[in-house]
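S.K.: One rule links them: number in the working numbering = place in the sequence shown (from 1) + 18. All C-beta atoms, glycine included, are put in the ideal place defined by N, C-alpha and C.
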Amino acid sequence: MNNKLGFGQKLAYGLGDFGFNISFQTVAIFLMVFYTDVLHIPPTTAGTIFLVASLWDGFTDPIMGYLANRTRSRWGKYRPYLLWVALPLGVSYVLLFYRPALPVE
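1) Helix, strand or coil: which one does DSSP assign to residue 47?
2) Mind listing, in chain order, the continuous alpha helix (DSSP H) runs of no fewer than 4 residues lying wholly within the region 40–109?
3) Determine the burial state of residue 31: buried for a count of at least 16 other Cβ atoms within 10 Å of its Cβ, exposed for fewer.
4) Given 7 Å as the limit, tell me if residue 46 has its C-beta closer than that to any heavy atom belonging to the ligand SAH.
5) What is the DSSP secondary structure of residue 116, reduced to helix, strand or coil?
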């Protein structure tokens, strides 16, 4: 039995991941501009926010990978996370760019 992936399968996987990363990187790059130019957060504070988020991500990613690999459900290993996390993730992306109303002077 041949378990090797063909070029077409590798290309399809890569293109799907590329599409996701285009949207993710667009948000990540624009977020620094949004924080500094729209919210007027000092660049050092905005950079610290990114640092803390990256450290948190580095800590929680292995834990989530461990949990996902051991998930047994009628939908499979990963599909429950894709189904149930999509809405909170969408809400968090909206809140990421939320600008509170400034007081009138």
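M.R.: In brief:
1) helix
2) 61–87
3) exposed
4) With respect to the ligand SAH, the structure shown offers nothing to examine, as it has no ligands at all.
5) coil
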